[in-house]
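I have placed the structure first, in the form of structure tokens, so that the comments after it can refer back to it.
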Amino acid sequence: MRAEPAFRSGWWRDALRRDSPHCDARPSGCAIDLVVLHNISLPPGRFGGPFIDALFLGCLDTGADQAFAGLAGLRVSAHFLVRREGQVVQYVSCAQRAWHAGASTHRGRTRCNDFSIGIELEGSDHCAFEAVQYTALARLLPALCAAYPIADVVGHSDIAPQRKTDPGPHFDWHALRSLSGLPAALFSAHPR
Ligand SMILES: [Zn+2]
Numbered sequence: 406m407r408a409e410p411a412f413r414s415g416w417w418r419d420a421l422r423r424d425s426p427h428c429d430a431r432p433s434g435c436a437i438d439l440v441v442l443h444n445i446s447l448p449p450g451r452f453g454g455p456f457i458d459a460l461f462l463g464c465l466d467t468g469a470d471q472a473f474a475g476l477a478g479l480r481v482s483a484h485f486l487v488r489r490e491g492q493v494v495q496y497v498s499c500a501q502r503a504w505h506a507g508a509s510t511h512r513g514r515t516r517c518n519d520f521s522i523g524i525e526l527e528g529s530d531h532c533a534f535e536a537v538q539y540t541a542l543a544r545l546l547p548a549l550c551a552a553y554p555i556a557d558v559v560g561h562s563d564i565a566p567q568r569k570t571d572p573g574p575h576f577d578w579h580a581l582r583s584l585s586g587l588p589a590a591l592f593s594a595h596p597r
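Counting in my numbering, the sequence shown runs from 406 upward without gaps.
As structure tokens, then:
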């Protein structure tokens, strides 16, 4: 019996698939060589609930909470979300360009969405992430590195420092590096 491939048309075998419309084609011939980590919580600072899913799927009721007013019309999605319980949801095929990074620059290249894979962690800048989230990420990242020529794993704040602070000061880059077993060179933006 042959094992199922880790990715089929850019969809990870071990994620729950929920197709988002917030994506389009990558530029042709563009290598996928960057992973961008984010944090998100909706409403801000509250975990669980259906709202991140709804935002990424384009069906968030922006009247459901005062904090959602500024999200009306926002069309965003990462490729992956790692929930507090460690569950991984995939919204966009890695073969497609997900709309997660916005205006951004990495090693002199702009428009990081073109060549990156975006992973959201359910969390905030103000509290620690869950151990199971690192465990999940430490499975997903090596799978991505085996399937794509990933050269760097960075935070959203590394590629959009004027606008973004995520994944934030509580994200433990060292834990991710040691749990994932990936080469330190991938994490050169966070050497310690
Ligand atoms: Zn972000």
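A virtual CB, placed ideally from N, CA and C, is assigned to each residue, including glycine.
Nothing here was measured: the structure is a model prediction, and the numbers come from that model.
The closest CA to that of Gln492, considering only Arg407, Ser583, Ala420, is found on Ala420. Taking 4 residues as the shortest admissible run, the region 524-572 contains the following complete alpha helix (DSSP H) segments, listed from N- to C-terminal end: 536-552, 561-564.
When only Cα atoms are considered, Ala580 and Leu479 end up about 33 Å apart.
Ile524 sits close to Leu486, with the two beta carbons spaced by under 9 Å. Spanning the alpha carbons of Asp466 and Val494 requires a straight line of approximately 20 Å. Ligand 1 approaches Ile445 closely enough that one of its heavy atoms is under 8 Å from the residue's Cβ. Shown here, Ile437 sits in coil according to DSSP, grouped into three states, outside any helix or strand. DSSP places Asp470 outside both helix and strand once states are collapsed to three, so it counts as coil. Here Asp563 is buried: its Cβ has 16 or more other Cβ atoms, across all protein chains shown, within 10 Å. In the displayed model, His595 falls within coil according to three-state DSSP, outside both helix and strand. For the pair His505 and Ser482, the CB atoms are nearer than the 9 Å cut-off. DSSP lists Ile524, Gly560 as the bridge partner or partners of Leu442.
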